[in-house]
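Which chain is which? The protein sequence lines are V and L, in order. Under this note's numbering, think of the first position of the first sequence as 149, with each following residue one higher. Under this note's numbering, think of the first position of the second sequence as 365, with each following residue one higher. Data first, discussion second: the structure below is written as structure tokens.
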Amino acid sequence: MYRKQVRRRRAVLALLIISSFVLLTITYGQSSGGLQRGVSTVFSPLQDAADRALKPARDLVDWFDKTFDARGENSKLKDELEVAREGAVAGQTAIQENAQLRKALGFNRSPAMVESGLDPVGARVVARAPIIWTSAVTIDAGSDDGVRPNDPVMSGSAMIGRVTSVEGGSAQVTLISDDSSAISAKILPGGIQGVMRPVIGDPEELILDYIETTEPIEIGSPVVTSGWEAQGLESRFPPDLPIGEITKAPLLEQEASQQVRLRPYADLPNIDLVQVLTGGSRR
Amino acid sequence: MIVTPRITVRLVLIVIVGVLLQLSFFSRVAVFHTSPDVLPALVVSLGLLGGSMTGAVTGFSIGLLVDCLMVTSLGASSLVLLSTGYLAGLFRERFEIHSALVPPLMCMALTLFAEIGYAATQVMLGIDSTVSFLIVRDMLVKSVYAFFLGWPIYLLVRRILRPALVEEPRARRKRRDPTVLGT
């Protein structure tokens with residue numbers, strides 16, 4: 149009797165392990181389609197309800213965490229504010245100059261979003277992947293709202309990722325800090341191009357890889373999507389969506405591994421509200 | 365554990381509520397830059413109370429549900445959590461749980477095991493990006509959170525599954541010796 153029980157137990161365990169490996173093999177690098185879509189559709193209202201119900205508790209925990217963090221960040225932020233103030237003054241001058249030059253050249257380009265015919269759709273994050281190896285969130289806007297796979301997703305004015313899967317009322321967004329993410333980007337103002345890759349485990353750091361320059365890159369230079377287009381192929385992202393700013397660019401690392409470090413503008417671990425840029429020609 | 369249809373319903377509800385809480389709450393709060401992962405602790409509690417089969421099956425189900433909801437490759441989380449649940453159950457079948465510290469310690473140790481398991485699965489599947497050393501800190505902090513969250517989770521799950529637990533010690537009343545008259 150006991151032996152029979154043990155045998156049955158082992159059989160169940162073996163079946164579960166084999167099932168896991170079979171599922172992993174079948175769905176590696178892609179979704180299982182029907183099953184995941186079905187489960188997501190069924191659980192979407194539940195996730196939405198849980199998100200709303202748990203928001204006060206989440207805010208409370210965030211408040212404690214941010215209060216603790218704020219003590220250490222105060223002096224750092226004062227320094228940053230000083231730099232930002234200088235930047236803002238310079239920016240105002242540049243905007244004025246830009247307007248004058250545009251007028252002089254009869255060149256009236258609209259911003260990236262308007263130019264690409266993109267229509268922003270607001271959404272809320274309702275779930276987040278529990279493991280650090282996967283950077284993905286679920287949002288409460290889906291195909292019913294016009295969201296399509298590969299639509300870029302913004303948080304504030306910064307790009308945070310792209311839509312990878314869509315259901316009726318929800319969509320999954322793979323963040324720029326996910327292992328599968330690789331975005332062609334450029335450093336402003338020079339336009340040095342590279343491929344932006346994540347650093348797994350550190351959502352506050354990204355790497356701009358494969359850059360081809362021996363010129364020193366200035367710390368604090370903004371990095372935006374390059375939105376290339378060549379021989380009928382085009383990047384999934386429209387050009388000039390802000391991503392982050394350069395934080396480390398030692399010439400040695402730049403020459404040896406052709407890469408520099410940057411910090412994303414968006415606070416990737418604490419995203420709550422997002423905008424999906426729907427429409428446009430890029431798919 | 366005696367698994368009746370009513371207990372199965374309770375187990376299913378524990379799995380669903382646990383996953384929803386993790387995805388909608390625990391994954392979205394960061395204390396000291398790390399989000400707690402209560403799913404291994406939940407699986408460990410189920411394993412400690414129900415044995416290796418309950419641990420393995422609920423671990424597999426929780427992993428599958430998480431992978432379905434986050435639309436990632438199916439099977440990775442299932443594999444890690446079923447091993448976690450099985451080990452917790454095996455511990456329960458081999459050893460007596462004498463101390464109240466055993467469940468939180470098991471939650472801590474097996475959460476670390478699960479985090480290492482996730483890392484191993486990712487390595488197996490291939491990583492194209494640079495991996496930060498911060499990932500080790502994340503694993504350790506998650507294990508510490510599991511120690512503190514493990515005990516309330518264990519108590520809550522034990523309360524929900526109480527009718528099915530075979531070895532659940534009943535509240536003992538101190539028996540008074542009968543008074544013998546005439547002595």
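Even for Gly, the Cβ is constructed at its ideal location relative to N, Cα and C. Please read all numbers here as calculations on a predicted model, not as lab measurements.
Given this structure, state the Cα-to-Cα distance separating residue i from residue j, to the nearest angstrom.
i: N256(V); j: V372(V); result: Note that N256(V) scores 44 on pLDDT, short of 50, meaning its location in the model is unreliable; the coordinates nonetheless yield the value given after this. Approximately 21 Å between the Cα atoms of the pair.
i: S437(L); j: S416(L); result: 25 Å
i: I324(V); j: P390(V); result: 12 Å
i: G419(L); j: R158(V); result: 13 Å
i: A333(V); j: Q244(V); result: 26 Å
i: L433(L); j: V209(V); result: 24 Å
i: Y358(V); j: T175(V); result: 30 Å
i: G254(V); j: Q407(V); result: Note that G254(V) scores 48 on pLDDT, short of 50, meaning its location in the model is unreliable and no value can be drawn from it.
i: S493(L); j: I348(V); result: 7 Å
i: L336(V); j: P370(V); result: 6 Å
i: S258(V); j: S409(L); result: Confidence is the limiting factor: at S258(V) the pLDDT is only 41, short of 50, which leaves the residue's position unreliable and the question unanswerable from this model.
i: K224(V); j: D207(V); result: 24 Å
i: G290(V); j: P297(V); result: 10 Å
i: G392(V); j: P268(V); result: 20 Å
i: S496(L); j: D350(V); result: 6 Å
i: E228(V); j: V393(L); result: 26 Å
i: V466(L); j: L412(L); result: 10 Å
i: I340(V); j: Y482(L); result: 36 Å
i: T395(V); j: G368(V); result: 6 Å
i: V133(V); j: I308(V); result: Residue 133(V) is absent from the model: chain V starts at 149 and stops at 431.
i: V154(V); j: M488(L); result: 30 Å
i: M365(L); j: P468(L); result: 21 Å
i: R156(V); j: Y150(V); result: 10 Å
i: V314(V); j: D326(V); result: 18 Å
i: L172(V); j: S303(V); result: 32 Å
i: W281(V); j: G382(L); result: 20 Å
i: V211(V); j: A198(V); result: Correcting the residue type first, residue 211(V) is Trp in the shown sequence and not Val. Those two C-alpha atoms are separated by around 20 Å.
i: A201(V); j: Q195(V); result: 10 Å
i: Y509(L); j: R501(L); result: 12 Å
i: G514(L); j: A464(L); result: 11 Å
i: A535(L); j: L375(L); result: Here A535(L) scores only 49 on pLDDT, less than 50, and its place in the model should not be relied on; the value that follows carries that caveat. Taking the straight line from one Cα to the other gives about 24 Å.
i: G427(L); j: L403(L); result: 9 Å
Can you look up residue i in the DSSP assignment and give me helix, strand or coil?
i: T398(L); result: strand
i: A205(V); result: helix
i: G254(V); result: Because G254(V) sits at a pLDDT of 48, beneath the cut-off of 50, its placement in the model cannot be relied upon, and the point is left open.
i: D420(V); result: coil
i: Q341(V); result: strand
i: D502(L); result: helix
i: P527(L); result: helix
i: P346(V); result: strand
i: D492(L); result: coil
i: D415(V); result: coil
i: L519(L); result: helix
i: L377(L); result: helix
i: E355(V); result: Reading the sequence as shown, one finds Ile at residue 355(V) and not Glu. Three-state DSSP puts I355(V) in a strand.
i: A535(L); result: With a pLDDT of only 49 at A535(L), under the threshold of 50, the placement of this residue in the model should not be trusted; the figure read from the coordinates follows. In this structure, A535(L) counts as coil in the three-state DSSP scheme.
i: R185(V); result: helix
i: F389(L); result: coil
i: R233(V); result: helix
i: R370(L); result: helix
i: I243(V); result: helix
i: F497(L); result: coil
i: S383(V); result: coil
i: Y509(L); result: helix
i: E221(V); result: helix
i: G415(L); result: coil
Between residue i and residue j, how many whole angstroms is the CB-CB distance? I'm expecting something under 8 Å.
i: A278(V); j: S391(L); result: Checking the sequence, you will find Pro at residue 278(V) rather than Ala. Right, the Cβ-Cβ distance comes to about 5 Å (below 8 Å), so this counts as a contact.
i: S399(L); j: A275(V); result: Not a contact, Cβ separation roughly 12 Å.
i: P412(V); j: L354(V); result: 6 Å
i: I480(L); j: A405(L); result: I480(L) to A405(L), Cβ: 15 Å. No contact.
i: T422(L); j: G449(L); result: 6 Å
i: P444(L); j: A478(L); result: In the sequence as displayed, the identity of residue 444(L) is Val instead of Pro. The pair is a contact, with the Cβ atoms about 5 Å apart (cut-off 8 Å).
i: F455(L); j: M470(L); result: 6 Å
i: V295(V); j: V424(V); result: 5 Å
i: R272(V); j: D288(V); result: 5 Å
With 8 Å set as the bound, which would you pick, yes or no: does the beta-carbon of residue i sit closer than that to a beta-carbon of chain A?
i: N298(V); result: Protein chains in the displayed structure are V and L, and chain A is not among them.
DSSP beta-bridge partners for residue i?
i: K226(V); result: None; K226(V) has no bridge partner.
i: P390(V); result: V372(V)
i: K396(V); result: R409(V)
i: G427(V); result: L266(V)
i: I335(V); result: I340(V) and V371(V)
Quiz item: Of all the beta strand (DSSP E) runs that stay within the bounds of the segment 261-331 of chain V, which reach a length of 3 or more residues?
Solution: 266-276, 284-287, 300-303, 306-314 and 319-323
Practice problem: Write down every uninterrupted run of the alpha helix (DSSP H) in the segment 417-476 of chain L whose length is 4 residues or greater and which is fully enclosed by it, in chain order. | Solution: 440-458
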